[in-house]
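Visitor: Have a look at this one before I ask anything.
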Amino acid sequence: MSVIYALDLIGTFVFAISGTLSAANKKLDLFGAFFTGFITAIGGGTLRDLILGNFPVAWISDLNYLLVITLGVIVTFLFKGMIMQLKKTLFLFDTIGIGVFTIIGIEKAISLSIHPALAIIMGLFSAVMGGVIRDTLCNDIPLIFRKEIYAVACIVGGLLFLFLKYLQVDSTVNLFVTVICIIVFRLVCIRYKLSLPVLKY
Amino acid sequence: MSVIYALDLIGTFVFAISGTLSAANKKLDLFGAFFTGFITAIGGGTLRDLILGNFPVAWISDLNYLLVITLGVIVTFLFKGMIMQLKKTLFLFDTIGIGVFTIIGIEKAISLSIHPALAIIMGLFSAVMGGVIRDTLCNDIPLIFRKEIYAVACIVGGLLFLFLKYLQVDSTVNLFVTVICIIVFRLVCIRYKLSLPVLKY
Amino acid sequence: MSVIYALDLIGTFVFAISGTLSAANKKLDLFGAFFTGFITAIGGGTLRDLILGNFPVAWISDLNYLLVITLGVIVTFLFKGMIMQLKKTLFLFDTIGIGVFTIIGIEKAISLSIHPALAIIMGLFSAVMGGVIRDTLCNDIPLIFRKEIYAVACIVGGLLFLFLKYLQVDSTVNLFVTVICIIVFRLVCIRYKLSLPVLKY
């Protein structure tokens, strides 16, 4: 099992938990929670594969994604109290997931000869669209549009990844450096309450 | 005309009516009603075909879907009072539609060598995603996440269908048995007010 | 650069502005505004290409779309006051965008041997789906379902376009005639407050 695949499954697992928690927040039932967890986990990658014309989409040809998601939903239902207290750990894994999803998206796009600027957009879509769909289904304005600066972290990480790739840095090293950079960037933004300007009328 | 195709058109017709009624509930205009009816009717199958990479999607290469949907919207506009009183009949057809869409989704996925567990997910998507998109467009949290147990009926029906298929039961017999099972399951759930547990904080 | 391509980029630019203004209305941050502008501008065309199985989708193989959208978002942020006063000009360009998107959608569908009635639906999707996704993300019921009659303008324009095409009118002439017809239709509807009937319970 390659490192990136392992991290992909971890990201999927954590995204499933985040979707399930959102659903719980809206008092959805077990099915609604599973469905929301599922969509959150696979939404970004599915949209990326659809736009790139990359069929079949990742999770439909590999049962492990479904297993990992189901596990994430069950774990959330059984240990919700404990999970709520693990927020810092969850946050760390969530950021790992975002970082990995960003890089997988960029890699797939580059391998299809997409322009680097559009490849970064594809990385961003992979990382954030699951959460955007989750929030839309739960009838909220997507969180990422309001509070979180993690989209910027994805873009910065994506630029760094492309730059290191251009310098022919080993791809596993590049992956770790980029993900760590995304995590640090996000932590710094939260620590110093950095946020993007808001357009006012 | 095969039995499954006829039932598919009936399901599409009923889903168009359900979408139109949702739109009416939100005071949308004629176009909004047509559009919502259209999306409700084709949303699930379209998403299924996109994910499976099954092009062109069903309704774009067969005019009958558009005709049946247009008929559904017009009938709803002309006879809305009568339709509201036919709720029981509508409910029956709606459940038939759900059952048929589930099985069409599973069949298409199986024919593309998708794993049975993922084929059931594809069946579920075919059956419920139209309604999910309808509710999202109308700015509601999808009904299926809150009150209805019919997603579970789809999954149970899907499992039965795969089991009977494995036993090499004739496919038309299998279709009827499965759809009737889905209807009975749903009626029993409603009669005895069965519902899924809700995840509370 | 062909006329239709130039108009396509203008339409994309104006749609990006309209998405950014929507985001500003909801107090989204710079990223949310860019993202909403981006989705508004490419949403309709992307959905069209996905449904038609037309890969890669238009904007992923041509950097100009991203450049034009980025420009639209930046211009909106810098000159929002001025843009708000240019409403009439914006409205004109918006209608040009809608008209052009309708015709591009129809042309693409026809070139894939789709039935003309379904080609008009594809034109409509190209023109309106960006706005529908924009409104859904911003947690509104899509504007087009409630107030605007422009969907009807698209359909009328689409029918005219197909009719003139059938008469073998030169395609650039046909494009201009159709877009002007869509603009006039929309202006007349607004001037005389024409709207579609609403389905009441």
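Protein chains in written order, with full-length UniProt numbering: chain A, 1 to 201; chain B, 1 to 201; chain C, 1 to 201. We put the CB at the ideal spot given by N, CA and C, even for glycine.
#1: To the nearest angstrom, how far is it from the Cα of Y65 (chain C) to the Cα of V173 (chain A)?
#2: Which residues in chain B sit within 9 Å of T46 (chain A), going by Cβ to Cβ distance?
#3: Going by DSSP, what residues sit across from V198 (chain C) in a beta bridge?
#4: With DSSP collapsed to three states, give me the class of Q168 (chain C).
#5: Would you give the residue range spanned by the alpha helix (DSSP H) that G81 (chain A) belongs to?
#6: May I ask you to list, following chain order, the residues of the region 129 to 163 of chain C that have a beta carbon less than 7 Å from some beta carbon of chain A?
#7: Measuring CA to CA, which of C:G99, C:T12 and C:F125 is closest to V73 (chain C)?
#8: Beta-carbon within less than 6 Å of P142 (chain B)'s beta-carbon, same chain only, minus the 5 sequence neighbours each way: which residues are those?
#9: Where does T89 (chain C) land, buried or exposed, given buried means 16+ other C-beta within 10 angstroms?
#10: With distances taken from CA atoms, which of A:I98, A:V169 and A:I60 is nearest S126 (chain A)?
#11: Got a sec: is the Cβ-Cβ distance from S195 (chain C) to anything in chain B below 8 Å?
#12: Please tell me whether residue 203 (chain A) and D8 (chain A) are closer than 8 Å, where the distance is taken between their beta carbons.
#13: DSSP three-state call for S2 (chain C): helix, strand or coil?
#14: Let me know if V188 (chain C) comes out buried or exposed under the rule of 16 or more other beta-carbons within 10 Å of its beta-carbon.
#15: Among B:S195, B:Y5 and B:V179, which one has its Cα closest to the Cα of T95 (chain B)?
#16: Among the candidates B:G158, B:Y150 and B:L162, whose CA atom is the shortest distance from the CA of D29 (chain A)?
#17: Cα-Cα, which of C:I103, C:K80 and C:I51 is closest to V3 (chain C)?
#18: Determine the closest residue to S18 (chain C) out of C:F163, C:C138 and C:K108, with distance taken between C-alpha atoms.
#19: Check F163 (chain A) in the structure and name its three-state DSSP category.
#20: Among A:L118, A:P56 and A:L175, whose alpha-carbon lies nearest the alpha-carbon of Y5 (chain A)?
#21: Nearest to L194 (chain C) by CA position, among C:L162, C:A153 and C:F161, is which residue?
#22: Flag A117 (chain C) as yes if its beta-carbon sits less than 8 Å from any beta-carbon of chain B, otherwise no.
#23: Say whether chain A places a C-beta atom closer than 8 Å to the C-beta of D8 (chain C).
#24: Within 8 Å of any Cβ in chain A, is that where the Cβ of V198 (chain B) sits?
#25: Residues of chain B with CB closer than 9 Å to the CB of I114 (chain C), please, in chain order.
#26: Using a Cβ-Cβ distance cut-off of 8 Å, determine whether F101 (chain A) contacts chain B.
#27: Compare the C-alpha of F185 (chain A) against each of A:I155, A:L164, A:G44 and A:L167 and name the closest.
#28: With distance defined between alpha-carbon atoms, name the residue in A:F31, A:A119, A:V75 and A:A23 nearest to D140 (chain A).
#29: Note the first and the last residue of the continuous alpha helix (DSSP H) segment covering F125 (chain C).
#30: Hey, I60 (chain A) and I51 (chain B): beta-carbon distance below 8 Å or not?
#31: Distance check for Y192 (chain A) and M122 (chain B), CA to CA, integer angstroms please.
#32: Could you give the distance in angstroms between the alpha-carbon of G32 (chain A) and the alpha-carbon of F38 (chain A)?
#33: For I182 (chain C), collect the residues of the same chain with a Cβ closer than 6 Å to its Cβ; drop the 5 residues on either side in sequence, then sort them by chain order.
#34: Taking 8 Å as the CB-CB limit, is L86 (chain A) close to chain B?
Guide: Taking the definition as stated:
#1: Numbered from 1 along the third sequence, position 65 holds the residue referred to as residue 65 (chain C). Numbered from 1 along the first sequence, position 173 holds the residue referred to as residue 173 (chain A). Taking the straight line from one Cα to the other gives about 33 Å.
#2: Numbered from 1 along the first sequence, position 46 holds the residue referred to as residue 46 (chain A). Chain B residues near T46 (chain A): L50 and I51.
#3: The count along the third sequence starts at 1 and reaches residue 198 (chain C) at position 198. According to DSSP, V198 (chain C) bridges with B:D29.
#4: Position 168 of the third sequence, counted from the first residue, corresponds to residue 168 (chain C). It is coil, neither helix nor strand.
#5: Position 81 of the first sequence, counted from the start, is the residue given in the question as residue 81 (chain A). Run containing G81 (chain A): K80 to Q85, per the alpha helix (DSSP H) assignment.
#6: Within the region 129 to 163 of chain C, the qualifying residues are T136, L137, C138 and N139.
#7: If you number the third sequence from 1, residue 73 (chain C) lands on position 73. Comparing Cα positions, the closest option is C:T12.
#8: To locate residue 142 (chain B), count along the second sequence from 1; it is residue 142. Once the five neighbours on either side are set aside, the close Cβ partners of P142 (chain B) are V132 and D135.
#9: Locating residue 89 (chain C) in the third sequence gives position 89, where the first residue counts as 1. Counting Cβ neighbours within 10 Å, T89 (chain C) comes out exposed, since fewer than 16 surround it.
#10: Taking the first residue of the first sequence as position 1, residue 126 (chain A) is located at position 126. Residue A:I98 is the option with its Cα nearest to S126 (chain A).
#11: Position 195 of the third sequence, counted from the start, is the residue given in the question as residue 195 (chain C). Any Cβ of chain B closer than 8 Å to the Cβ of S195 (chain C) would place that residue at the interface, and such an atom is present.
#12: Nothing in the structure corresponds to residue 203 (chain A), since chain A is present only between 1 and 201.
#13: For the purposes of this step, residue 2 (chain C) is taken as the residue at position 2 of the third sequence. Here S2 (chain C) sits in coil by DSSP.
#14: Numbered from 1 along the third sequence, position 188 holds the residue referred to as residue 188 (chain C). Exposed: under 16 other Cβ atoms inside 10 Å.
#15: What you label residue 95 (chain B) is simply residue 95 of the second sequence in a count that begins at 1. Answer by Cα proximity: B:V179.
#16: To locate residue 29 (chain A), count along the first sequence from 1; it is residue 29. Measuring C-alpha to C-alpha distances from D29 (chain A) to each of B:G158, B:Y150 and B:L162 identifies B:Y150 as the nearest.
#17: The count along the third sequence starts at 1 and reaches residue 3 (chain C) at position 3. Answer by Cα proximity: C:I103.
#18: Start at 1 with the first residue of the third sequence, and residue 18 (chain C) comes out as number 18. Residue C:C138 is the option with its Cα nearest to S18 (chain C).
#19: Here residue 163 (chain A) corresponds to residue number 163 of the first sequence, with the count starting at 1. Correct three-state label for F163 (chain A): helix.
#20: Taking the first sequence and counting its residues from 1, one reaches residue 5 (chain A) at position 5. The candidate whose alpha carbon is nearest that of Y5 (chain A) is A:L175.
#21: Walking along the third sequence from the start, residue 194 (chain C) turns up at place 194. Taking only the C-alpha atoms, the option nearest L194 (chain C) is C:A153.
#22: On the third sequence, residue 117 (chain C) is found 117 positions in, with the first residue counted as 1. At least one CB atom of chain B sits nearer than 8 Å to the CB of A117 (chain C).
#23: In the third sequence, residue 8 (chain C) corresponds to position 8, counting from 1. Chain A, which has no Cβ nearer than 8 Å to the Cβ of D8 (chain C), makes this no.
#24: Residue 198 (chain B) sits at position 198 when you count from the first residue of the second sequence. At least one C-beta of chain A is nearer than 8 Å to the C-beta of V198 (chain B).
#25: Here residue 114 (chain C) refers to the residue found at position 114 of the third sequence. Those within 9 Å of I114 (chain C) in chain B are P56, I60 and S61.
#26: For the purposes of this step, residue 101 (chain A) is taken as residue 101 along the first sequence, with counting starting at 1. Taking Cβ atoms only, chain B never reaches closer than 8 Å to F101 (chain A), which makes this a no.
#27: Within the first sequence, residue 185 (chain A) is the residue found at index 185, counting from 1. The option with the nearest alpha carbon to F185 (chain A) is A:I155.
#28: The residue you call residue 140 (chain A) lines up with position 140 of the first sequence. With distances taken between Cα atoms, D140 (chain A) lies closest to A:A23.
#29: Position 125 of the third sequence, counted from the first residue, corresponds to residue 125 (chain C). Start and end: P116 to L137.
#30: Position 60 of the first sequence holds residue 60 (chain A). Position 51 of the second sequence holds residue 51 (chain B). Their beta carbons are under 8 Å apart, which means I60 (chain A) touches I51 (chain B) by this criterion.
#31: As a working mapping, residue 122 (chain B) is identified with position 122 in the second sequence. As a working mapping, residue 192 (chain A) is identified with position 192 in the first sequence. Their backbone Cα atoms lie some 45 Å apart in a straight line.
#32: Your numbering for residue 32 (chain A) matches position 32 in the first sequence. Your numbering for residue 38 (chain A) matches position 38 in the first sequence. About 10 Å.
#33: Position 182 of the third sequence, counted from the start, is the residue given in the question as residue 182 (chain C). Closer than 6 Å at Cβ, skipping near neighbours: G99, A153 and G157.
#34: As a first step, residue 86 (chain A) is located in the first sequence; it is residue number 86 there, counting from the start. Output row for L86 (chain A): interface = no.
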